[in-house]
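Numbering-wise (our numbering), the sequence shown opens with residue 12 and increments by one.
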Amino acid sequence: MNHAPDTTTAGNGGNFDPRQAAALLDQATRQARRQLEPAQPWLLVIRAVVVLAVFGAVWLNTRGQHPYQHPTAAIIPVVIAFGLLNLVATVTVARRATAGVSGKSRLRPAEIAILAAIWIGADAAMVPMAIARVSNAVVWGLYPVTVPLIAAGLAWAGISARRADWRNCGAGLATAVTGAVALSAGPAGAWAVAGVGLCVTLLGQAAVIVWQQRRSVVRP
Numbered sequence: 012m013n014h015a016p017d018t019t020t021a022g023n024g025g026n027f028d029p030r031q032a033a034a035l036l037d038q039a040t041r042q043a044r045r046q047l048e049p050a051q052p053w054l055l056v057i058r059a060v061v062v063l064a065v066f067g068a069v070w071l072n073t074r075g076q077h078p079y080q081h082p083t084a085a086i087i088p089v090v091i092a093f094g095l096l097n098l099v100a101t102v103t104v105a106r107r108a109t110a111g112v113s114g115k116s117r118l119r120p121a122e123i124a125i126l127a128a129i130w131i132g133a134d135a136a137m138v139p140m141a142i143a144r145v146s147n148a149v150v151w152g153l154y155p156v157t158v159p160l161i162a163a164g165l166a167w168a169g170i171s172a173r174r175a176d177w178r179n180c181g182a183g184l185a186t187a188v189t190g191a192v193a194l195s196a197g198p199a200g201a202w203a204v205a206g207v208g209l210c211v212t213l214l215g216q217a218a219v220i221v222w223q224q225r226r227s228v229v230r231p
């Protein structure tokens, strides 16, 4: 006489506990989410240190200029390289956020294009301003430090709010506020204010992610 297979026993002869299976599944899910997290905490910490170092170097390079002229030739390549790396990091993170997701949580290619266009357009706008002989304090000081942060921060906040991603929405608003505050610090001081503000924002993001991950681990 054939008996139906006993679903309460495992292959090793032990009892199959549905609660253990659910716990293992939950653990695997959390691990997968951490691996797929577009903004890894350690990457955010590295970006925070780099942005503080670059903006701080420009501030040190220009704070003694009276009147303000522009960062010296030794600093300009560093600033350009940082801008390019930041653009690549932004697009890469945004693309990774679209991988394997759908619905409102999916970051659409058009939204990625908006973010990239803002950074590129903001930098490109400096060319006609320089040709028109706009003040050096604006072209090489206030504008490149503040306007891209305000525009990109508000755009990222709006995109994140549309997807109900409140953590990134807060980061976008913090970035925009940093740019706005930097406007009042003068052309040289704007670099210092922006560097500190962005560093704090990135470190705050990393701390929130770590807190959320730990909370999901200890949650029963």
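Even for Gly, the Cβ is constructed at its ideal location relative to N, Cα and C.
Can you give the Cα-Cα distance for residue i and residue j, rounded to whole angstroms?
{"i": "residue 123", "j": "residue 135", "result": "18 Å"}
{"i": "residue 175", "j": "residue 95", "result": "29 Å"}
{"i": "residue 225", "j": "residue 130", "result": "34 Å"}
{"i": "residue 139", "j": "residue 212", "result": "31 Å"}
{"i": "residue 69", "j": "residue 192", "result": "18 Å"}
{"i": "residue 90", "j": "residue 146", "result": "20 Å"}
{"i": "residue 84", "j": "residue 223", "result": "43 Å"}
{"i": "residue 169", "j": "residue 82", "result": "33 Å"}
{"i": "residue 150", "j": "residue 93", "result": "18 Å"}
{"i": "residue 219", "j": "residue 152", "result": "32 Å"}
{"i": "residue 114", "j": "residue 173", "result": "Note on residue 114: pLDDT 46, under 50, position unreliable in the model; no value is reported."}
{"i": "residue 48", "j": "residue 128", "result": "A caution first: residue 48 carries a pLDDT of 49, below 50, which makes its placement in the model unreliable, though a value can still be read off. Distance between the alpha carbons of residue 48 and residue 128: 24 Å."}
{"i": "residue 119", "j": "residue 73", "result": "40 Å"}
{"i": "residue 221", "j": "residue 148", "result": "40 Å"}
{"i": "residue 86", "j": "residue 141", "result": "18 Å"}
{"i": "residue 179", "j": "residue 54", "result": "15 Å"}
{"i": "residue 257", "j": "residue 64", "result": "Outside the shown range of the chain, which is 12 to 231, sits residue 257, and nothing can be said about it."}
{"i": "residue 43", "j": "residue 56", "result": "Residue placement at residue 43 is poorly supported in this model, since its pLDDT is 43, which falls under 50; the coordinates are not used for a value here."}
{"i": "residue 121", "j": "residue 154", "result": "26 Å"}
{"i": "residue 125", "j": "residue 137", "result": "19 Å"}
Could you check if residue i is buried or exposed, using at least 16 other CB atoms within 10 Å of its CB as the buried criterion?
{"i": "residue 88", "result": "exposed"}
{"i": "residue 77", "result": "exposed"}
{"i": "residue 171", "result": "buried"}
{"i": "residue 52", "result": "buried"}
{"i": "residue 71", "result": "exposed"}
{"i": "residue 143", "result": "exposed"}
{"i": "residue 177", "result": "exposed"}
Rounded to whole angstroms, how far is the Cβ of residue i from the Cβ of residue j, which I believe are closer than 8 Å?
{"i": "residue 214", "j": "residue 59", "result": "5 Å"}
{"i": "residue 62", "j": "residue 206", "result": "6 Å"}
{"i": "residue 79", "j": "residue 199", "result": "6 Å"}
{"i": "residue 133", "j": "residue 156", "result": "That pair is no contact at about 11 Å."}
{"i": "residue 67", "j": "residue 203", "result": "7 Å"}
{"i": "residue 209", "j": "residue 189", "result": "6 Å"}
{"i": "residue 186", "j": "residue 217", "result": "Not confirmed; about 15 Å, so no contact."}
{"i": "residue 167", "j": "residue 181", "result": "Incorrect: roughly 10 Å between the Cβ atoms, too far for contact."}
At a Cβ threshold of 8 Å, is residue i touching chain C?
{"i": "residue 162", "result": "Protein chain content of the structure displayed is limited to a single chain, and chain C is not contained in it."}
Quiz item: Which runs of the beta strand (DSSP E) fall wholly inside the stretch 159-225 and span at least 3 residues, in chain order?
Solution: No beta strand (DSSP E) of 3 residues or more sits fully in the stretch 159-225.
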